[in-house]
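One structure is given below, encoded as structure tokens.
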Amino acid sequence: MAEHIKAVVLLSGGMDSCVTAAEAIRRHAAERVGLLHASYGQRTEAREARAFSEIAKFYGIERTLAARLDYFRAIGGSALTDARIAVPENELGTPGVGANAIPVTYVPFRNAHFLSIAVSWAEATGAKEIYIGAVAEDSSGYPDCRPEYYQAFQELIRRGTRPETQLEIVTPVIGLKKDQIILRGMELGAPLHLTWSCYQGAELACGVCDSCLLRLRAFAGAGVPDPIAYRSVARANARE
Numbered sequence: 003m004a005e006h007i008k009a010v011v012l013l014s015g016g017m018d019s020c021v022t023a024a025e026a027i028r029r030h031a032a033e034r035v036g037l038l039h040a041s042y043g044q045r046t047e048a049r050e051a052r053a054f055s056e057i058a059k060f061y062g063i064e065r066t067l068a069a070r071l072d073y074f075r076a077i078g079g080s081a082l083t084d085a086r087i088a089v090p091e092n093e094l095g096t097p098g099v100g101a102n103a104i105p106v107t108y109v110p111f112r113n114a115h116f117l118s119i120a121v122s123w124a125e126a127t128g129a130k131e132i133y134i135g136a137v138a139e140d141s142s143g144y145p146d147c148r149p150e151y152y153q154a155f156q157e158l159i160r161r162g163t164r165p166e167t168q169l170e171i172v173t174p175v176i177g178l179k180k181d182q183i184i185l186r187g188m189e190l191g192a193p194l195h196l197t198w199s200c201y202q203g204a205e206l207a208c209g210v211c212d213s214c215l216l217r218l219r220a221f222a223g224a225g226v227p228d229p230i231a232y233r234s235v236a237r238a239n240a241r242e
């Protein structure tokens, strides 16, 4: 009989979620961790799913759940799910983009949907923790990456699950800067070479979307080379 899952990890296939998975595995061991991946009609859907599968294989984790949330494409409102909205290029740090502006790559209330699936799976399997790789300084100021968002969702879980569930949201990288996440990942032996951050898809990362620029800047700040290939990095560090 398989052991009960102790932790459910939301794993997009990106750098932050990979390091978050490594933290969960450090605490509970791979055989007690379940990995959850959600595809939501995003541009990089296939590439992110591949990264998820490769990271799961790296750790030898068989308890996985893949969810499809195709309705996000119908809802639209984000450059990640609506082909009519262009993904910004080389705009990181420009006026109108930053902590006080919500970028076009924000997917409306997406993380609540991810967390809801994780809560259902965790409650059904008896898991006690849900790990998510949210970063407070992230990206581009997404409102569902803030600590208070997870504090509020924690209360929702308490009120909406069985009393004995006792389920906790864990955000191990939420207070870290991107370069610190890389260094922590290296300490944990996380397979950063298998991760995917690009918003644009394809086999080579574009090197010019916000996510690529943040990643490249983070590796530069950590003083280590990024192990993935890019189509273009000419302007990656143009704006600090």
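Under my numbering, read the sequence shown as residues 3 to 242, first letter to last. Where is the CB? At the ideal position from N, CA and C, for every residue including glycine.
For GLU157, the enclosing alpha helix (DSSP H) covers residues 149-162. As computed with DSSP, ALA68 is found in a beta bridge with HIS39. Cβ atoms of PHE74 and ARG49 stay farther apart than 8 Å, at about 17 Å. Between the beta-carbon of ALA207 and that of ILE176 there is about 24 Å, and that puts the pair past the 8 Å contact cut.
By the C-beta density criterion, GLN153 is exposed, having fewer than 16 other C-beta atoms within 10 angstroms.
For ILE171, the pairing in a beta bridge is given by DSSP as ILE132. A residue is called buried when at least 16 other Cβ atoms come within 10 angstroms of its Cβ; GLN168 does not meet this threshold and is exposed. As computed with DSSP, TYR232 is found in a beta bridge with ALA207. Contact annotation: HIS30 and ALA69 have beta-carbon atoms that are not nearer than 9 Å.
If the five residues before and after ALA103 are omitted, its C-beta is found closer than 7 Å to the C-beta atoms of GLY143, all from its own chain and listed in chain order.
Minimum Cα-Cα distance from THR107 among the listed residues ALA114, GLU93 and ALA120 corresponds to GLU93. Where VAL89 is concerned, there is no enclosing alpha helix (DSSP H), because DSSP gives it neither an H nor an E. With respect to the C-alpha of LEU158, the residue from ALA76, ALA114 and LEU196 having the closest C-alpha is ALA114. Here the alpha carbons of ILE132 and SER213 stand approximately 24 Å from one another. Taking 9 Å as the cut-off, the beta carbon of ARG186 is found closer than this to the beta carbon of LEU178.
Per DSSP, the continuous alpha helix (DSSP H) segment holding LEU185 begins and ends at 180-190. Rounded to whole angstroms, GLY79 and PRO110 show a C-alpha spacing of 7 Å.
Distances from the CA of GLU33 to each of GLY162, ILE7, GLN182 and CYS211 were compared; the closest alpha carbon is that of ILE7. Judged by DSSP in its simplified three-state form, LEU194 adopts helix. Comparing alpha-carbon positions, the option among ARG52, ASP228 and ALA204 lying closest to MET188 turns out to be ASP228.
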